[in-house]
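Q: Numbering (the numbering used here), first residue to last: 4 to 334.
For glycine and all other residues, C-beta sits at the position ideal for the given N, C-alpha and C.
Being a predicted model, the structure only gives us computed values, none of them experimental.
Dropping the structure in here first, questions after.
And the structure:
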């Protein structure tokens, strides 16, 4: 049994703790959070220990692996501390908000040869995985275009947004990772446009609520990403891959697939899943399983710190493009 500790008892930490507790090859041994009441509440659910200092768990020889589900500005320090203690690490995205700091952390992790996985959970969504495998298998011939739609049902609290690093590094970073994964090639040019159509007050910290991104690879493959902080009809998550021999679609998920036809309306369906907790519930479970299998030495780390670094680099390029109104080359 892999003995795992969760650092951070917030929303994401709770998801990871629940998935560890139900996994047949792992056990949740401890939870760390500076807010000890939160740590106690989560640890008590699964019979684990609760502490306030994450370093106490990182330095504990009885802990095999740690999950880092803390604010972004703590990720690098905790990752490096855990790696130096020989822990297996699953860290939430992004690696950091500063590209140079993230690059330096990745270099140090490579020198340590540390088994660190970055938590881009959408790669583990069964529909997204099938779509990626179909592209790689040549089901649609040569890939030409990828289109990603990603719209939240509503804004996060303004205090969160103020410290999030901006829509490109916070929200669209998932889509940058998906783009790299689906394209199978690194984008070499990024063009982004960004607007404040819903909350003009986001200008206070130079953020946006509505963005479009166009990326191109060296071979000419294209990717279009469109994102909004608010879709009044629910959590809108769609993927499209177009190639020389066909097209693949990954549409939204609903609670059920019943369609109603009445005199008042036709094609009436259940609403979209409410938010990422529901939409990606299975993806989070499969992500944790992938981490546990890698930590047990049964497979390679599927999403590396380099993947996290490249997604952050694309986010920075998009932010620069949106500010300048010009395409930006990916160095």
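Under the DSSP definition of a beta bridge, which residues are partnered with residue 229?
A: Beta-bridge pairing links residue 229 to 152 and 215.
Q: Taking only three categories from DSSP, how would you classify residue 222?
A: Here residue 222 sits in coil by DSSP.
Q: Count the other CB atoms within 10 Å of the CB of residue 90; is the residue buried (16 or more) or exposed (fewer)?
A: Residue 90 should be labelled buried.
Q: Once you ignore the five residues that flank residue 305 on each side, which residues in its own chain have a CB closer than 6 Å to its CB?
A: Contacts found: 293.
Q: Which residues does DSSP pair with residue 243 in a beta bridge?
A: Its beta-bridge partners are 150 and 252.
Q: Which residues does DSSP pair with residue 7 in a beta bridge?
A: Per DSSP, 31 and 68.
Q: Nearest-angstrom Cα distance between residue 333 and residue 229?
A: Answer to the nearest angstrom: the Cα atoms are 19 Å apart.
Q: Please state the DSSP three-state secondary structure of residue 261.
A: Three-state result, residue 261: coil.
Q: So residue 311 and residue 98 are in contact, right, with Cβ under 8 Å, and what is the actual spacing, rounded?
A: With a Cβ gap of about 4 Å, residue 311 and residue 98 count as contacting.
Q: Is residue 302 helix, strand or coil when you go by DSSP?
A: If DSSP states are grouped into helix, strand and coil, residue 302 belongs with coil.
Q: Rounded C-beta distance between residue 20 and residue 9? I'm assuming under 8 Å.
A: Confirmed, about 5 Å.
Q: Among the residues of its own chain, which have a CB less than 6 Å from the CB of residue 171, if the five just before and after it don't count?
A: Only 318, 321 and 322 meet the Cβ criterion.
Q: Taking 6 Å as the limit between beta carbons, can you name the residues of its chain near residue 248, skipping five residues before and five after?
A: Answer for residue 248: 143 and 144, listed in chain order.
Q: Hey, residue 246 and residue 146 are a contact pair by Cβ (cut 8 Å); roughly how many whole angstroms apart?
A: Contact holds; Cβ gap of about 5 Å.
Q: Comparing alpha-carbon positions, which option in 88, 62 and 286 lies nearest residue 116?
A: Cα-wise, what sits closest to residue 116 is 88.
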